[in-house]
Amino acid sequence: MKLETFAYLPQFSAEQLAAQVRSILDRRLVVGIEFITVPDPHDHYWTMWKLPLFGVDDPAVVLAELDACRTSNPAAYIKINGYDPVRQGQVVSFVAYQPSDGSA
17 MKLETFAYLP
27 QFSAEQLAAQ
37 VRSILDRRLV
47 VGIEFITVPD
57 PHDHYWTMWK
67 LPLFGVDDPA
77 VVLAELDACR
87 TSNPAAYIKI
97 NGYDPVRQGQ
107 VVSFVAYQPS
117 DGSA
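Here the numbering used here is used: the first residue of the sequence shown is 17, the next is one more, and so on.
The following block contains the structure:
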């Protein structure tokens, strides 16, 4: 099963992931991190990791939260969302981490 944008590419390296997060922040989008242990193509509701990262402009902060989520939920798929605060909608979403035994 393929999930979200970039699903057909190999998993991002640390540098590529940081570049994607930097791109989201450069566009002044608000980052949200979500996770789920058993993804289903018909279930679009994942669990939010903490609150969206309002006012964050440092990719290191986002990556630290991603690592904290991964540490707390090692068997979960984790995605990063970018929300436009003006249009009030999600404009980017991609799976940033999937368990090593995942088939997605």
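For every residue, glycine included, the Cβ atom is placed at its ideal position computed from N, Cα and C.
- Under the three-state reduction of DSSP output, T53 falls in the coil class, being neither helix nor strand.
- DSSP places D73 in no alpha helix (DSSP H); its state is neither H nor E.
- Contact between V46 and Y113 fails: their C-beta atoms lie close to 20 Å from each other, not under 8 Å.
- Note that the C-beta distance between Y93 and I52 is below 8 Å.
- Secondary structure of D42 (DSSP, three-state): helix.
- In terms of Cα proximity to D74, the closest of F28, Q106 and I40 is I40.
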